[in-house]
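Q: Have a look at this one.
2 protein chains.
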Amino acid sequence: MSDSSLYDIVIIGAGPVGLLLSVCLSRWGYKVRHIDNRPVPTATGRADGIQPRSIEILKNLGLKSGIMAHKPARVFEVAFWDPAPEGKIVRTGTWASCPDFLDGRYPYTALLHQGLIERVLIEDIQKNGTVVQRPWTITRFETNHANPDYPVEVDLKNLDSNVVDTVRTKYLFSGEGARSFVREQLGVQIRHKDPISHVWGVMDGVVRTNFPDIKMKCTIHSDHGSIMVIPRENNMCRLYIQIASSTDPDFDPRKTATVAEVQAAAKKIFAPYYVSWDRVEWYSVYPIGQGIADKYTLDHRVFMGGDVCHTHSPKAGQGMNTAFHDAINLAWKLHLVESGFANRNVLETYEVERKFIAETLLDFDNKYAALFSQRIPSAAEVSDAHAGSESQKDNPFVEMFKANCEFTSGFGVAYKSNIFNHSLEHPFQHPLVITDSEKLRPGRIIPPSDVTRVVDANVVHLENEIPFNGAFRLFIFGGQKASPKKGGHKALADLASGLSRPDSFYSRFSCKNSTRDTHYDSDNPHSKFFSIALTLAAKRPEIEISNLPELFQAYSGRIYADDRRQMKALDAKFGAHAKVGLTGDEGAVVVVRPDGHVGVAIRLVEGQGTVEALEGYFKGFTTPSSFVGSESGLGGGKAHVRAQL
Amino acid sequence: MSDSSLYDIVIIGAGPVGLLLSVCLSRWGYKVRHIDNRPVPTATGRADGIQPRSIEILKNLGLKSGIMAHKPARVFEVAFWDPAPEGKIVRTGTWASCPDFLDGRYPYTALLHQGLIERVLIEDIQKNGTVVQRPWTITRFETNHANPDYPVEVDLKNLDSNVVDTVRTKYLFSGEGARSFVREQLGVQIRHKDPISHVWGVMDGVVRTNFPDIKMKCTIHSDHGSIMVIPRENNMCRLYIQIASSTDPDFDPRKTATVAEVQAAAKKIFAPYYVSWDRVEWYSVYPIGQGIADKYTLDHRVFMGGDVCHTHSPKAGQGMNTAFHDAINLAWKLHLVESGFANRNVLETYEVERKFIAETLLDFDNKYAALFSQRIPSAAEVSDAHAGSESQKDNPFVEMFKANCEFTSGFGVAYKSNIFNHSLEHPFQHPLVITDSEKLRPGRIIPPSDVTRVVDANVVHLENEIPFNGAFRLFIFGGQKASPKKGGHKALADLASGLSRPDSFYSRFSCKNSTRDTHYDSDNPHSKFFSIALTLAAKRPEIEISNLPELFQAYSGRIYADDRRQMKALDAKFGAHAKVGLTGDEGAVVVVRPDGHVGVAIRLVEGQGTVEALEGYFKGFTTPSSFVGSESGLGGGKAHVRAQL
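Order-wise, the sequence lines are chains A and B.
Residue numbering for the first sequence follows full-length UniProt numbering, starting at 1 and increasing by one per position.
Residue numbering for the second sequence follows full-length UniProt numbering, starting at 1 and increasing by one per position.
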């Protein structure tokens, strides 16, 4: 087989999950074969909700501004409407999409049709040398470990010419959607958590109405049925109507309804408010059940994600967002294995982490209707001012409501303890590991904060400063003891010298500097696998980068002054420190996974304890081969070359 | 002469001033002939600094995101470097570009080359049906009032074909730059405030250096000369070097220097830091003196703006910004005259307002060097926490420094009292006019604040909610007395009923609703000349738009809840009210000119006093013809048709 038929990965399907995986791997230099069986990209309709946490992810990928340029609608609140006397409807409550206690950087859902989102991803993929081929489909695949470098053979068929192309690849990924050839071939079963399935009608259009909440997300229950209203870009509005349910006595999963029928139903539900359509942009009827795949992979060579693995009702707007998380979760793990940094068995964590979230999503989907038929808690009840008080913890309803808000906005993606996410069950323990922080919880994201970048005095979002580059992020908080004013950088100096030792985890995976120009690279000056952001408890003019240990000077663009007042920590002298729970003298090194989730937090102390603890954590999953020999020693040459594939 | 040779305006020059004027008038439906004598748009280099206030203006025009997509450098601070012993240089201070006390929404200067900015404006112009023709020049023009509709005749010559096109126009505008044919033909003199002229070298490129402040704006004085450093997009950096001055004994205004000479000089100045160039993108040497045109127009038909009217050193980064202000100042005045709303004599205020600012700029330019050779005041000295205290007012140095910061960031554009900008000298006086507010100062912009938009619960920037649409803005603050919680909207109801009376200034300029669909138009539901934004002292869920007076319901997308905590008014219960100085019970109607500057602020009271005061203010410059007869009465038909030309 010629080299031109060898790929690092073959991606089937150019929906959100396939595209985002393709974005990451194309950027990192992998050879990607990407196909989709539709002749053209999505023109309109389909998924449309980007949740608060997904907006952060897109921002971290540098894709947010391209998507926001399409001027999505922004949903800050959800309104609940219920039947009222005389056949009327009345608003019974509203609730924030991303309540204040979640402390989201972008506390809203952005709504625009999937085609516009896909367009931004496709442009990025093309810029990085990958083409999404259409219309192509997959007709056969087989994993054969006799060929260890490219174990998967795949037949791809061009649906225009019917020509079949046989290729070999290291990985095959199916992002085919709910009807997946790959999943079927693997014999992976879909398990239904809720046996009830529904037929939904969904319609995008420009409506003319005097209904006051047409610009908000609404759930309307009326004596004439129920509807969900979602505002959209270009003055549009999406309506979801349930057309049939498997609990109906005469249920027919192929039951359908015309546009006119749905509009007539909507008019009755909206009454006494009037509603009419200037135009309908998209309309679809589809049956959907709740389901979850038993496995996301069988052999850690053929993977699946997105709707292939989990389907559920559109009500909570989670589909595309879950797909995004699937994609980035797999992307960095494949990258770290293929570039020689991590052991192959870390790929097992993809299914473990993502399937757990899908299960949570389905549980949530089940509870959703039940929850909102109850009362909505008042803002005071859910206020974070008393987050820790007993009275609130005693209120299970409020706790459940908060958990659900957290989940739908994407901040509830909390991976459980494993080799990446430290806990007291982790095989490595060290006295300097922070285990009791309410702010730095392994498996969850790091709290947002504003800081001043020293090199250019720009006010920036610390949590977003290191881009999604496939590297582990070391967020170092200097602590008040290490403030330049107090003359002390001893702990920082010790950290730098420990990291700089040739046999440290940091140095072992470094590139030979001679092989590339790092003058303008503040993210990976030493290694493709580590990015550092150093935040000092000081005002910007007090910080002189040239006085810092040499290791940090290479990160000159990633050194920050903790001198901005934070709305969520108004009383703190050093707000960014306070927001990660560092209110005393000490600093910390917070290890954040490439996808933004905290791995472990370690106290920053004088001596070599901090580096020791870091070493132990990374030893848990980095390749032993990198720990020995000259080939991958100081320069990490092999790892680097492979990452540049 | 055929209709195809008749224009509303002929614009000469496609630099910042010509382009922005063209953007506005093309959007508002005017027939624009726009030419430029360069064969292609600016490719790189030239002006590059967009000041904080200009960013707000571009945001208000909907142009900011297109410009920001080019990822300009952001300058938050300026650093001052001075000679130190042993031929070294040392940082002697830094100061914010837009200090906190200015309360700018975007407290930084955005830096990118003029070509990228022009591209965004040119695309907008084209979208609205105007084409910038190149290479064309103007060869003759003449104003002949015998043809009152199109009094100006202009000869335009295509520089490719040498064909001359003679056209007639209502207005001619010269944005030709410092060497202006129009200005010369009119015999308008340039007056030099400072007789000294300089030769400047300017170079854009990617530098490699260990100079720590290369990402900040710096003024470096060394024993080997002086240089100004300005960071730019794409890792570039601009250097300004003064090559010659008319105070030199052997001054030659044609003195020049090669790239290599400037680089060699820069290396000496930067020492002991190293500096080298990866590439040079643009280089230019130009002589420049300080000058200001005696007149901006002679007959109020032929106008000039931008560098035609004022030239000065590039040090303070004011050129393009002053041009932007010139353009928008003229745009709305031409629009209101041509659409039949304002008396023709309001055009006189263009020269009065803009020439005053140019004079201030030149004064400032003179003082700039002197100022920064003195010490920089400390942040505590300039803190706004004591803005009103006597101790600070006693410190003329701090006062001058603040005034200069305010001026360079663009917030010092403070127009003096005239028919638009109320003061105690204004011909119309009324007891309800607010004359003593420190927050609402006629001639200056309105303070920024965050509010919640009621219709969709979006958190928005109130000051930017009404776009630059050529309409007067009525920012209505309901006041605490009118809070829905207190059951009271009496003052608002009286205001609405007063505005709705058929003979009110508001109704007289309204369009016949039957002529257009206002269902989706929250900015001009009643009239092209007025936009309303109503802010209520209440939380969003307390506000029910359908309970408001009918007039305001038409502005459903412009009704706001003053329920967001403002960083600059943390203790205020109603922060947006507090930020405009309304701390008591009463509300106000703040009349803001189409360009965002406050015209007059009037207390909101029960009864007809508020409308009476508004009436008196608008009577000062609106056309009498609109006050009579059925033609322009209720429907304002004629005015509307003319605005749609």
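Note that the Cβ used here is the ideal one computed from N, Cα and C, for glycine as well.
Remember, predicted model here, so these are calculated numbers, not experimental data.
Take A:M228 and list the residues in its own chain whose beta-carbon comes closer than 6 Å to its own, dropping the five residues that flank it on each side.
A: Hits under 6 Å: T219, Y240.
Q: Which chain A residues sit within Cβ distance under 9 Å of residue 658 of chain B?
A: Summary: the structure shown does not reach residue 658 of chain B, with chain B confined to residues 1 through 645, and so no result is reported for it.
Q: Between the segment 202-217 of chain A and chain B, which residues of the former have a C-beta closer than 7 Å to a C-beta of the latter?
A: Cβ contacts with chain B: R208, P212, K215, M216.
Q: Could you tell me which chain B residues have their CB closer than 7 Å to the CB of A:D562, listed as they occur along the chain?
A: The premise fails here: A:D562 is roughly 16 Å from chain B at the closest Cβ pair, so nothing lies under 7 Å.
Q: So is B:N469 in contact with chain A if we call contact Cβ pairs under 8 Å?
A: False, the Cβ-Cβ gap to chain A never drops below 8 Å.
Q: Taking 8 Å as the CB-CB limit, is B:V451 close to chain A?
A: It does not; no Cβ of chain A falls within 8 Å.
Q: Within the chosen definition, does the segment 443-459 of chain B reach the segment 128-136 of chain B through at least 3 CB pairs nearer than 8 Å?
A: In short, these stretches do not touch, since the Cβ pair count stays below three.
Q: Can you pull the chain B neighbours of A:M567, defined as C-beta to C-beta under 8 Å?
A: Residues of chain B passing the Cβ test: R565, M567.
Q: With 8 Å as the C-beta to C-beta threshold (strictly closer), list the residues of the segment 79-94 of chain B near chain A in chain order.
A: Of all residues in the segment 79-94 of chain B, T94 have a Cβ within less than 8 Å of some Cβ in chain A.
Q: Please compile the residues from chain A whose C-beta is within a distance smaller than 7 Å of the C-beta of B:H519.
A: Near B:H519 (Cβ distances below 7 Å), the residues of chain A are R208.
Q: What is the DSSP secondary structure of B:P39, reduced to helix, strand or coil?
A: The answer is coil: DSSP assigns B:P39 none of H, G, I, E or B.
Q: Need the endpoints of the beta strand (DSSP E) that B:M203 sits in, please.
A: Element bounds for B:M203: 197-209.
Q: Consult DSSP for A:S5 and reduce its assignment to one of helix, strand or coil.
A: Residue state, collapsed to three classes: helix.
Q: At which residues does the alpha helix (DSSP H) containing B:W332 begin and terminate?
A: Here the alpha helix (DSSP H) through B:W332 covers 319-338.
Q: Taking all protein chains shown into account, decide if A:N469 is buried (16 or more other Cβ within 10 angstroms of its Cβ) or exposed.
A: Buried, because 16 or more other Cβ atoms sit within 10 Å of the Cβ of A:N469.
Q: Note the first and the last residue of the continuous beta strand (DSSP E) segment covering B:S180.
A: First-last for B:S180: undefined, no H or E at that position.
Q: Please determine if the segment 522-539 of chain B and the segment 498-510 of chain B are in contact, where contact requires at least 3 C-beta pairs separated by less than 8 Å.
A: Contact holds: three or more Cβ-Cβ distances are below 8 Å.
Q: Of the choices A:K416, A:A457, A:D48, A:D562, whose alpha-carbon is the least far from that of A:V598?
A: Looking at the Cα atoms, A:K416 is the closest of the given residues.
Q: With DSSP as the reference, please indicate the residues paired to B:M236 in a beta bridge.
A: Its beta-bridge partners do not exist; DSSP assigns none.
Q: For B:K619 and B:V164, what's the separation of their Cα atoms in angstroms?
A: If I take the Cα positions, the gap works out to 44 Å.
Q: In terms of residue numbering, what span does the alpha helix (DSSP H) encompassing A:Y283 cover?
A: Note, A:Y283: premise wrong, no alpha helix (DSSP H); beta strand (DSSP E) at 275-289.
Q: Could you compute how far the alpha carbon of A:I190 sits from the alpha carbon of A:C309?
A: Their backbone Cα atoms lie some 8 Å apart in a straight line.
Q: Measuring only the C-alpha atoms, how far is A:K481 from B:F211?
A: Distance between the alpha carbons of A:K481 and B:F211 is about 28 Å.
Q: To the nearest angstrom, how far is the alpha carbon of B:R441 from that of B:A601?
A: Cα to Cα, B:R441 sits roughly 8 Å from B:A601.
Q: Might you give, ordered along the chain, the residues of its own chain that have their beta carbon closer than 8 Å to the beta carbon of A:S226, omitting 5 neighbours on each side?
A: Cβ neighbours of A:S226 beyond the five flanking positions: T219, I220, I241, Q242, I269.
Q: Against chain A, with Cβ distances strictly below 8 Å, would B:S437 count as a contact?
A: Closer than 8 Å: no.
Q: If we ignore side chains and look at the alpha-carbon of each, how far apart do B:F141 and B:E153 end up?
A: Roughly 5 Å separates the two Cα atoms.
Q: Which same chain residues, not among the five before or five after B:S246, have their C-beta less than 6 Å away from its C-beta?
A: Here the set comprises I196, S197.
Q: Where does B:K481 sit, in a helix, a strand or coil, going by DSSP?
A: B:K481: helix per DSSP, three-state reduction.
Q: If you count every other CB in all the chains shown that lies within 10 Å of the CB of B:N547, and 16 or more means buried, which is it?
A: Exposed, by the Cβ-count rule.
Q: Within a Cβ cutoff of 8 Å, which residues of the same chain sit near A:D8, ignoring the five residues on either side of it in sequence?
A: For A:D8, where only same-chain residues beyond five positions count, the Cβ hits under 8 Å are L25, Y30, K31, V32, T169, K170, Y171, E338, L645.
Q: Less than 8 Å separating the beta-carbons of residue 668 of chain B and A:M216?
A: The requested residue 668 of chain B is not part of the displayed model; chain B covers only 1 to 645.
Q: Can you list, in chain order, the residues of its chain whose CB lies under 6 Å from that of A:H335, leaving out five sequence neighbours each side?
A: Excluding sequence neighbours, A:H335 sits near W28, G470.
Q: Under the assumption that B:Y274 contacts B:V259 (Cβ atoms under 8 Å), give the Cβ distance between them as a whole number of angstroms.
A: With a Cβ gap of about 18 Å, B:Y274 and B:V259 do not count as contacting.
Q: Examine the ligand GTP and report whether any of its heavy atoms sits within less than 7 Å of the Cβ of B:V460.
A: Judged by which ligands are present, the structure shown has none, so any question about the ligand GTP falls away.
Q: Is the segment 562-573 of chain B touching the segment 584-594 of chain B, taking contact as three or more C-beta pairs under 8 Å?
A: Because the criterion of three Cβ pairs below 8 Å is not met, the segment 562-573 of chain B and the segment 584-594 of chain B do not touch.
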